[in-house]
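Read the structure below first, then the notes.
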Amino acid sequence: MGKLLIIIPTYNESQNILLFLEKLYESCKDLDFSVLVVDDNSPDGTAIIVKNWMNDHSNCHLLNREKKEGLGKAYIAGFKWGLNKDFDYFCQIDADFSHDPIYIPSFLEKTNDFDFIIGSRYVTGGGVKGWGLLRRIISRGGSLYSKIILNSKINDFTGGFNLWNRNVLESINLDSLFSSGYSFQIEMKYRATKKGFKFYEFPIIFTDRVKGNSKMSKSIVFEAMLNVLKLRFKKIF
Ligand SMILES: Nc1nc2c(ncn2[C@@H]2O[C@H](COP(=O)(O)OP(=O)(O)OP(=O)(O)O)[C@@H](O)[C@H]2O)c(=O)[nH]1
Ligand SMILES: [Mg+2]
Numbered sequence: 003m004g005k006l007l008i009i010i011p012t013y014n015e016s017q018n019i020l021l022f023l024e025k026l027y028e029s030c031k032d033l034d035f036s037v038l039v040v041d042d043n044s045p046d047g048t049a050i051i052v053k054n055w056m057n058d059h060s061n062c063h064l065l066n067r068e069k070k071e072g073l074g075k076a077y078i079a080g081f082k083w084g085l086n087k088d089f090d091y092f093c094q095i096d097a098d099f100s101h102d103p104i105y106i107p108s109f110l111e112k113t114n115d116f117d118f119i120i121g122s123r124y125v126t127g128g129g130v131k132g133w134g135l136l137r138r139i140i141s142r143g144g145s146l147y148s149k150i151i152l153n154s155k156i157n158d159f160t161g162g163f164n165l166w167n168r169n170v171l172e173s174i175n176l177d178s179l180f181s182s183g184y185s186f187q188i189e190m191k192y193r194a195t196k197k198g199f200k201f202y203e204f205p206i207i208f209t210d211r212v213k214g215n216s217k218m219s220k221s222i223v224f225e226a227m228l229n230v231l232k233l234r235f236k237k238i239f
């Protein structure tokens, strides 16, 4: 098994990050892994908590960004940080306990046969806990909309719990990605399949966040809907 970098984007996650790091480290204790927290200068002091953790955990790193620029930009910075080092696998995961890190070792095993692994709510065995009807419709609808417009086999386009082989990230021109917000997840998956990389959708149970605030908004949903059309009809746009 190669070296794994687990990237956690954070914005105002001071109520979650410490407990989440504890859970993550416990879940991955048998793996050769490092962690990179990409924080957009959270006003609630998330980065201070991470720095404290780093005092006792030399495999944890912090990428401190000046201002909030959206999830996509944070991930691109994190991927580049890891590509400059000798990591073989890159795992994306949220800090708010929606993604259970217990799945990470199983994702990693799948890399023997696949180029990237999608933590998927929308395959048999997967699902969502704690969301109301509207949030379910937005998420399920967003994935279905992307699947149809992009003529793809991917069932969970919008999810943010994924694992990439290094060569996939190397072959996607990260600077050319145009999604700064959540549609970044859709764009990455679409571009990777367009390049011919093989994916596996690993069923996950997603749990709604308990603490802290969601950064989801109407404008993020609209940006995502528009960006799917842009991806599909690139030539016209
Ligand atoms: N660095 C950085 N992290 C972000 C930004 N926006 C969101 N995040 C982090 O990305 C992860 C996902 O964001 P959430 O707010 O949980 O979004 P979500 O999961 O779609 O929404 P909820 O289900 O309502 O929580 C969390 O760890 C956030 O702290 C951003 O602009 N910059
Ligand atoms: Mg969340």
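The opening position of the sequence shown corresponds to residue 3 in the working numbering, with each subsequent residue numbered one higher.
All C-beta atoms, glycine included, are put in the ideal place defined by N, C-alpha and C.
In this text, all values refer to a predicted model and were calculated from it rather than measured experimentally.
Residues whose Cβ lies closer than 7 Å to any heavy atom of ligand 2, listed in chain order: 96, 98, 100, 211, 216. Residue 162 has its Cβ nearer than 7 Å to a heavy atom of ligand 1. For residue 201, the enclosing beta strand (DSSP E) covers residues 201–205. When 28, 24, 4, 44 are compared, the shortest CA-CA separation from residue 16 is found for 44. Excluding residues up to 5 positions away in sequence, 109, 112, 165, 202, 204 lie with their Cβ nearer than 6 Å to the Cβ of residue 119 in the same chain.
With contacts defined as CB atoms closer than 8 Å, residue 81 and residue 92 qualify as a contacting pair. Per DSSP, reduced to three states, the secondary structure at residue 179 is coil, with no helix or strand assignment. Our two residues, residue 10 and residue 52, have alpha carbons roughly 11 Å apart in a direct line. A residue is called buried when at least 16 other Cβ atoms come within 10 angstroms of its Cβ; residue 180 does not meet this threshold and is exposed.
For residue 122, the enclosing beta strand (DSSP E) has its first and last residue at 118–122.
Residue 149 has its alpha-carbon roughly 7 Å from the corresponding atom of residue 157. The Cβ neighbour count for residue 218, taken over all protein chains shown within 10 Å, is under 16; the residue is labelled exposed.
With contacts defined as CB atoms closer than 8 Å, residue 35 and residue 61 qualify as a contacting pair. Residue 229 counts as buried, since at least 16 other C-beta atoms from the protein chains shown sit within 10 angstroms of its C-beta.
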